Structures are given as structure tokens and as C-alpha cells.
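What follows is a short report on a single structure.
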Amino acid sequence: MNTAVRLNYSHPPARPDDLPDFSRIAIPEAGKYDVPPLDLKADASRHYAEGLIRIMDSESRAVGPWAERIEDVNPDQLRLGLRDMLRMRTVDKRLLNAQRQGKTSFYMQGIGEEAIGCGFQRQLQRGDMNFPTYRQQSLLVAADYPLENLMGQIYCNHADPIQGRQLPNMHSARDFGYFTISGNLGTQFVQSVGWAMACALRKCGKIAAGWIGDGATATNDFHSGMLSASVYQPPVILNVVNNQWAISTYTAVASGAGKTYATRALGYGIPALRVDGNDYLAVLAVSRWAIERARSGFGPVLIEWFTYRVAAHSTSDDPSAYRPKDEAKAWPLGDPIERLKSYLIRHGDWSEERHVQAEAEILEEVIQIQKAVEAQGTFVNPKPFSPSAFFRGVYADLPEHLRRQRQEMGY
Amino acid sequence: MPTMTMIEALRDAMDVMLGKDPNVIIFGEDVGYFGGVFRCTSGLQAKYGEERVFDTPINESAIVGLAVGMAAQGMKPCVEIQFADYVYPAYDQITQEAARIRHRSNEQFTCPLVIRMPTGGGIFGGQTHSQSPEALFTHVAGLKVVIPSTPYDAKGLLISAIEDPDPIVFLEPKRLYNGPFYGNHSGSSVGWSSHPAGNVPEGHYSIEIGKAVVRRPGTDITILAYGTMVFVAEAAVRATEIDAEIIDLRSLLPLDLEAIEASVRKTGRCLVVHEATRTSGFGAEVIAEIQQTCFWHLKAPILRVTGWDTPYPLAQEWDYFPSPERIARAITKTMEEA
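Respectively, the protein sequence lines represent chains A and B.
Counting in our numbering, the first sequence runs from 158 upward without gaps.
Counting in our numbering, the second sequence runs from 6 upward without gaps.
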């Protein structure tokens, strides 16, 4: 009998009664990595896939070759990035409170991950399409999606562009490059490849960006998307947001014995980069590089954005049950807003006073919009849609059996 | 008017649509250079090029998932699942994605695609090459489910399906690919060249999805069938003295309730025939609708003749699916009711 055979069960380094422990995470110094050529091949990308591209050092300086690639980015653009992130965080805070007040059924925050969506979106062009998960509202906010529409969906009221048909966070905004979100994890990843293939076939010059969380890389469609991208080489950017938690399940359960998510792409012949997702400058630089690469016809690329989910998975989740209470405070890559703020202040392009003022202005803006949207109904004070509405759009035209059912309902 | 097999008619439909609309695109396992294991797409890649007709990896979820992305972007994919039995890995993409995208996005995005798949048994394909999964798809809001029984219908319905703004599961009864099959044990199929429905017009024509067709008018009993079972039912009726009306449903979702109700009110008797397993099969749905709307017109209980509730047996497949004899017995039983 071979008693040496044991299964492996992955565990996080710390549970609620432990001290937070991020000691296993290797953090290379900022500026360490070169900028690869746009036609980077998978074989040549291993050190990027195993490493971590960072621009901002601990002294809030932008260092290294990637920093040089965004030297043309002016302070206005960075202040815009800071504003995007502040707006996103303010919206998150206000809507979390609204959920606690019973004004909406459900909410999912993106706190700590704002830089990824905000930085990426500002590099896209109109007509490019994101295939997001439920935690990429930052893509919408940085696309200047009207907060009225975003909040309307949270409250399921008449400002909701999709008429109360989806969970609050599952937005759909074609004109803002945001594909309709599925609750079934991973399905959008292969769809993004199909969209990108259509872009190539129709020669429309646009690209697609697939988004998936670290936990959802375990789904079939992560691999379906990777394989399809590998075979057909369409203009797609395959993004893995590694925030280390799939609800309560630690990232190592999805990653298995794999070193990083980025290295998975190498087996498919797809080049990959791993990036500090809390470094707005790094997000901006790598997004710009990847988007230029895709548009130039060099095929797919995978980016693992390394970050940390500060908040609960959703308002139905309680992270204090499975991880240390102060884990977020110990997270070594910091807060994206604080880091960009410090960078701007160091360069004389921002100040503590202006930051406080900006926060107040944004809060006021969000509150005003929120009040106006809440006036159109909330879960506490609903102004429901006519039930006849959900019979529309099942098909292009209403078939006979749905007409009969609508009639049976009395509409 | 040329005579065609169903395979040729389906190929002709794709040929017409590839020529007509540059957004139409065909892909799936083996469909490109080789032309598909049933040769349905034979010659199309040579004619239209690899960008319009191409091979995919063996990954059904990818085939449909890619098609969803392409359709949402504005193309009209017509993809092939090599056998209906292989569709399950793509079930999520079909039922929760393709079927839902129009509704959940409030029509910001749409998903006009066709998923073709050979269905049913009778070719000694065993458990994994003989299944009839139509009921799994008719239960899904947002899908349309079509199943032709003749080359004429196959071409017209496939053209309609490709032009349709909604996602369509297009089931092809593979036992009918090369000719009408009357279902006798000794018999082989009869060539479509000797059957009127083998006459297929050239060029573009379409058949409205959602409309049934009367294959044999009659006054004594209504037999509702689709796919291969239309021909098996015809053989059964020939063996009886009964003046049965055979309706080929053609489209299961949406279903032509008006045609069904009109016929059942006329005959007062009804038999539903399908090859798929019985429990929760499509026959149950049809019968439930009929008893709701036609109950007071019925002279006898509605029966159904179906495949048995077992996995599809390879060596005994002729005992599995409805035979003319089983159908004839059911007709007789229904007629014997007062």
C-alpha cells in the first residue's frame, strides 16, 4: 500500500484569526522590465508572464522603460485618470450604502481595482468592445457612461437602460464599448474572441477585450477562448483580473500548480504580461502597448492584472468569515488612488487640498445624480415597469405563444 | 426544377446565402476543406474561401461562443455541430447566451445565428450519434427550433433561418439526408429523385418559420409529426384504412398552434409521434396545448408514440424508434375509442 500518495488542497496563507500574510508574493522593483516589441512572441514573453510590470516606485517616481513609453501623457490625462477612479469609488460607496438602506437588492464593489478598468478604457477607441465581468464598472465610468444609467440599473427603475432585466451590476452599454454581462462565468471570454474575429473579417479596425476573474479561469470557456484566439489570431486582448479571491475561494484553488495566470497563455502560444494592477501608470502603459499591438495585427495577448479585492465579493458576502479582517491594509501593492495621487503631488501636479476638494466635488455630483435617479424609484419606493415589458425583446417579433401568454397575464 | 437530396438542398441554401450576404459565415468541425462528415458543406470553402467557410477545433462551446461574439458584432454565422449528441458542451452558450442576449441587453445586442446539427437515429450510430435533443431547446425562451423533413423545406427553412434575426437551432434528420425513409425494417431509403419534395427550386426562396404544413389531408385523425417521423407516419397510415391528416410541424418553437388546433377540431382525434424519448418530450407540450384549447372537440384521448425512455441502443435501434406498426396500432386504438 502506497501511503505516500496524497492529494493537494490549496489554502490561503491566513484565515480570520491569523495575521495577514503576503510574504509569498514576490514584488519586483519598479522599472525592471523592458518594453517588448509589438510583435512579441509567446516564447520571448516568459519573464513578463512570470514577473510584474511596475512603473511607480515606493517614492512615487515613474521609472524604467515602460515609464518612457508614456512620457507624452500629460498631467491633465493623469488627473482625469485620478478623477475616473475617485468617481468610481464614490459611486461604489454611495451604492453600497444604498443597498444597506434597502434601496437596491444587491451591489458589487470594485474597491482597490479601479486602476485596471479606468486605465484600460481610456486607451480604447469608440467601437472597440469590452466583454466584462460584473466587477468592471470602472470601464463604464472611464467611458463616461452616464451615471444616471448606471444607477438606474442599480435601482431597477425607469432610468435602467435594460428595464430591470438583469442583476444590478450586469450592465449593457453598446455605445460605450460594454458587452451585456452574463451571470455565467467565463462565457464572455470566448465571445470576445468571436467579436474580434468579426472585426478582422469585416476589416472595421476595431478590437475586442475579454475580461475574466482569476477564479473564472477555471471555466471551460477560458480555455475555449484561449484556444480560439491561439488558432485564429484575432485582435483581442485577453485580460485576467487576479484579485485573489473567488467569493471565499482563494486564488490558488483556481491556479492549481500553475505559477501565474499569465504563464498559462504561453502554452497556447499567446504572449502574456503580468502587471501591477494597482499602478495606474503601469496599467496605462501596458494597455496602450497591448491595444496598439492588437490593432497592428499581431494577434492576441494575455494580460494578468495583479490586484487585491478589498471589499466583499458582493453585498451577500462576508469576507470576515474566511480571511483576516485587516488583510486589505497589509496588501503590499497599495491603493491605486493613493498611489496616483502621491505621484501627481510629487510632480507638483496635484495637492492634498485639491484632492480633498475634488473628492467633495465628486461626492456632490454623485449625490445629485443619485437623488435624481432615486426620484424615479428604488426598491423601497418602487415605480414598477409594466409586466408587459418583459415579453418584449425575447424575439425580434412577438410570437403567437408569447402573445397568448401576455394576454393571459392581462396585458 | 432540379432534384436534390436534403444534403444538397441544405448545401444549396448555404451557397445561396453565402453569395447573397457577405456577413454569412460557415464554420464547425470538418466543415471547411473536407465539407463536413455528411458533406453538407462540400465545395463551399473552395467557392467562397477560407474566410467564409472554415474548420474549428473540436470544442462545441467555442464554436457557438465565437458565433455569439460574431453575431453580436453584425455577422450571420451558420455553424455546424457535427452530431446533435455533441451539442451539450455548447448548451450554456446556446441557452444562456445566444438565447438571452437580445432580451438581457434590451436589444442593444442581438444574436442572429444558426446552429445546424444532424439529429435522430436510424444510421446505426449508437447512443452518441442518434439523439433527438429538441425538447431541451424548445424549453428555452429566446430560441427558435426548426426541423425540416424534405429537401424543399430544408432549403427554404435554412435560408429563412440564416436571414432570421434570432438564434435558431436547426435540426437535420440525418436518416432523411439521402431520401425519404418509410421506416420498414428491411427497407432502405427511397431516393429523393422519385419524391415530389425532392424538387428544389434554384436560387433564393424561403419558408416562414413557425408554420406547419399538411403533408396528407384527412378527416379521421390528426397525426402530428416532424422530421423522419413524417415519413414513418405516412407508411403507417398507408397500412390502415384510416383517413388520417398528417401535419408536419417543421417548426417546434414557435409552434403553429393555429394549424394544430384547426386540424384537431376537425378530426376530433390526435396522435403525436416523435423519435425522442417520451418523458418530458416535445409530445407532452403539444398534447398539453391541445387539451387546453381543443378538449371539448376530442372524441378520444390523445396518444403519443415515441422513442423509449432509455439510452439509444445500437443493436436494437429498430425496436427503439417508432415503427409504422407501432404508429398503426396507436391509430387503431384511438379510432376504437367511442
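Just so you know, even glycine gets a beta-carbon here, dropped at the ideal spot from N, CA and C.
The model shown is predicted, which means the values in this text are computed figures rather than measured ones.
Just how far apart, CA to CA, sit residue i and residue j?
{"i": "Phe536/A", "j": "Ala95/B", "result": "36 Å"}
{"i": "Asp324/B", "j": "Arg560/A", "result": "41 Å"}
{"i": "Gly48/B", "j": "Arg16/B", "result": "9 Å"}
{"i": "Val269/B", "j": "His558/A", "result": "18 Å"}
{"i": "Glu461/A", "j": "Val432/A", "result": "6 Å"}
{"i": "Gly362/A", "j": "Ala442/A", "result": "21 Å"}
{"i": "Leu71/B", "j": "Ala103/B", "result": "11 Å"}
{"i": "Val21/B", "j": "Arg57/B", "result": "13 Å"}
{"i": "Val310/B", "j": "Ala333/B", "result": "10 Å"}
{"i": "Tyr465/A", "j": "Ala485/A", "result": "8 Å"}
{"i": "Gly269/A", "j": "Leu197/A", "result": "30 Å"}
{"i": "Asp169/B", "j": "Tyr568/A", "result": "27 Å"}
{"i": "Ile502/A", "j": "Ser508/A", "result": "5 Å"}
{"i": "Ala373/A", "j": "Phe346/A", "result": "10 Å"}
{"i": "Glu280/B", "j": "Leu260/B", "result": "18 Å"}
{"i": "Phe236/B", "j": "Pro316/B", "result": "23 Å"}
{"i": "Asp174/A", "j": "Arg292/A", "result": "28 Å"}
Identify, in the order they occur along the chain, each residue of the same chain with its Cβ nearer than 6 Å to the Cβ of residue i, setting aside the five sequence neighbours on each side.
{"i": "Glu322/B", "result": "Gly126"}
{"i": "Gly456/A", "result": "Gln390"}
{"i": "Val84/B", "result": "Phe32, Gly33, Ile68, Ala72, Ile120"}
{"i": "Met245/A", "result": "Glu271, Ser295, Val298"}
Using 8 Å as the threshold, is the C-beta distance between residue i and residue j below it?
{"i": "Cys275/B", "j": "Ile307/B", "result": "yes"}
{"i": "Tyr210/B", "j": "Met11/B", "result": "no"}
{"i": "Phe129/B", "j": "Leu258/B", "result": "no"}
{"i": "Ser167/A", "j": "Val410/A", "result": "yes"}
{"i": "Arg450/A", "j": "Val458/A", "result": "yes"}
{"i": "Tyr157/B", "j": "Ala240/B", "result": "no"}
{"i": "Ser329/A", "j": "Phe114/B", "result": "yes"}
{"i": "Gly267/A", "j": "Asp241/A", "result": "no"}
{"i": "Leu162/B", "j": "Ile212/B", "result": "yes"}
{"i": "Leu229/B", "j": "Val174/B", "result": "no"}
{"i": "Asn377/A", "j": "Gln101/B", "result": "no"}
{"i": "Gly426/A", "j": "Ser387/A", "result": "yes"}
{"i": "Lys160/B", "j": "Val92/B", "result": "no"}
{"i": "Pro222/B", "j": "Glu263/B", "result": "no"}
{"i": "Ser295/A", "j": "Cys275/A", "result": "yes"}
Ignore the nearest five residues each way along the sequence and tell me which others in residue i's own chain have a CB closer than 7 Å to its CB.
{"i": "Met566/A", "result": "Pro544"}
{"i": "Phe333/A", "result": "Leu297, Ala300, Tyr302"}
{"i": "Thr339/B", "result": "Ile226, Arg274, Leu276, Ala305, Leu308"}
{"i": "Pro178/B", "result": "Thr124, Gly125, Ile152, Ser154, Gly232, Thr233"}
{"i": "Met80/B", "result": "Asn28, Ile30"}
{"i": "Val230/A", "result": "Leu441"}
{"i": "Ser194/B", "result": "Asn183, Gly184, Pro185, Phe186"}
{"i": "Met9/B", "result": "Asp17, Pro156, Trp197, Gly203, Val205"}
Going along chain A in order, which residues have a C-beta closer than 8 Å to the C-beta of residue i?
{"i": "Ser66/B", "result": "Val347, Asn377, Asp378, Ser381"}
{"i": "Ile173/B", "result": "The contacting residues do not exist; Ile173/B stays about 11 Å from chain A at best."}
{"i": "Gly79/B", "result": "Ala355, Arg359"}
{"i": "Gly215/B", "result": "Pro556, Glu557"}
{"i": "Pro318/B", "result": "Within 8 Å Cβ-Cβ: nothing; Pro318/B doesn't reach chain A, min ~30 Å."}
For residue i, which residues from the same chain have a beta carbon less than 8 Å from its beta carbon, with the 5 sequence-adjacent residues on both sides left out?
{"i": "Val97/B", "result": "Before going further, note that residue 97/B is Asp rather than Val in the sequence given. Cβ within range, chain order: Ser66."}
{"i": "Ala183/A", "result": "Leu209"}
{"i": "Gly424/A", "result": "none"}
Can you name the residues of chain B whose CB is closer than 9 Å to the CB of residue i?
{"i": "Thr344/A", "result": "Ser66, Gly70, Val73, Asp97, Gln98, Gln101, Glu102"}
{"i": "Asn400/A", "result": "Correct list: empty, because the minimum Cβ distance to chain B is about 24 Å."}
{"i": "Ala553/A", "result": "Arg107, Glu112, Thr115, Pro117, Asp169, Pro170, Asp171"}
What does residue i touch in chain A if you count any residue whose Cβ is under 7 Å from its own?
{"i": "Leu23/B", "result": "The premise fails here: Leu23/B is roughly 13 Å from chain A at the closest Cβ pair, so nothing lies under 7 Å."}
{"i": "Ile86/B", "result": "Chain A residues near Ile86/B: none, gap ~14 Å exceeds 7 Å."}
Show which residues of chain A have a CB atom less than 9 Å away from the CB atom of residue i.
{"i": "Pro201/B", "result": "What Pro201/B touches in chain A: nothing, since even the nearest Cβ is about 29 Å away."}
{"i": "Leu262/B", "result": "Glu557, His558, Arg561"}
{"i": "Gly127/B", "result": "Neighbours of Gly127/B on chain A: none; closest Cβ ~31 Å, over 9 Å."}
Residues of chain B with CB closer than 8 Å to the CB of residue i, please, in chain order.
{"i": "Trp352/A", "result": "Gly74, Met75, Ala77, Gln78"}
{"i": "Ser329/A", "result": "Arg109, Ser110, Asn111, Gln113, Phe114"}
{"i": "Ile319/A", "result": "Arg109, Ser110, Asn111, Gln113"}
{"i": "Thr337/A", "result": "Ile106, Arg109, Ser110, Gln113, Phe114"}
What residues from chain B crowd round residue i, counting only those whose CB sits closer than 7 Å?
{"i": "Asn341/A", "result": "Asp97, Gln101"}
{"i": "Ala550/A", "result": "The sequence given here places Gly at residue 550/A; Ala does not occur at that position. Within 7 Å Cβ-Cβ: Arg107, His108, Asn111, Glu112."}
{"i": "Gln323/A", "result": "Arg109"}
For this session: Run through the segment 375-427 of chain A for me and flag every whole beta strand (DSSP E) of 3 or more residues, listed as ranges in chain order.
Result: 393-399
For this session: Note down, one range per segment and in chain order, each alpha helix (DSSP H) of at least 4 residues found wholly within the segment 171-225 of chain A.
Result: 203-207
Exercise. What are the start and end residues of each continuous beta strand (DSSP E) run of 3 or more residues lying completely inside the segment 52-87 of chain B, in chain order?
Worked result: 58-60, 81-85
For this session: May I have a chain-ordered list of the alpha helix (DSSP H) segments no shorter than 4 residues that lie completely inside the segment 208-290 of chain B?
Result: 233-243, 262-272
Exercise. In chain order, which beta strand (DSSP E) runs of at least 3 residues are fully inside the segment 133-186 of chain B?
Worked result: 149-151, 173-178
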